[in-house]
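In this note's numbering, the protein residues as written are 786 to 895.
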């Protein structure tokens with residue numbers, strides 16, 4: 786179901802709040818050092834998709850700081866996905882869709 790324009794604006798404004806809330810129950814964060822950022826909230830996977838992935842088990846505040854730093858370092862294809870069940874596509878929840886920005890250019894200038 787597609788979001789209305791009002792819902793999209795509201796969602797964009799609240800993205801980092803949603804991510805912070807998700808990190809409260811996170812067990813692991815992962816980054817491919819390019820654009821794929823994953824927040825695991827149920828179980829720690831036995832494997833990574835690539836050997837290059839960076840993985841951390843930190844406090845929620847440290848994870849938020851780390852995810853934000855990864856976001857800033859990622860390429861324009863960046864996205865953040867919550868992973869509830871590795872290997873089950875229904876267990877993946879897009880928190881920030883690919884190429885979707887959490888802030889507008891004007892917000893970045895402040």
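Glycine included, each C-beta is placed from N, C-alpha and C at the ideal position.
Residue i and residue j: beta carbons closer than 8 Å?
i, j, result
"residue 808", "residue 825", "no"
"residue 881", "residue 869", "no"
"residue 822", "residue 855", "yes"
What separation, rounded to the nearest whole angstrom, lies between the Cα atoms of residue i and residue j?
i, j, result
"residue 844", "residue 790", "34 Å"
"residue 810", "residue 850", "15 Å"
"residue 871", "residue 818", "19 Å"
"residue 842", "residue 795", "30 Å"
"residue 860", "residue 804", "19 Å"
"residue 853", "residue 866", "13 Å"
"residue 831", "residue 799", "32 Å"
"residue 884", "residue 838", "20 Å"
According to the neighbour-count rule (16 or more other Cβ atoms, all chains shown, within 10 Å of its Cβ), is residue i buried or exposed?
i, result
"residue 793", "exposed"
"residue 863", "buried"
I believe residue i touches residue j by the beta-carbon criterion, under 8 Å. Please report the beta-carbon distance rounded to the nearest angstrom.
i, j, result
"residue 840", "residue 858", "Not really, about 16 Å apart at Cβ, beyond 8 Å."
Note down, one range per segment and in chain order, each alpha helix (DSSP H) of at least 4 residues found wholly within the stretch 847 to 886.
-> Within the stretch 847 to 886, no complete alpha helix (DSSP H) run reaches 4 residues.
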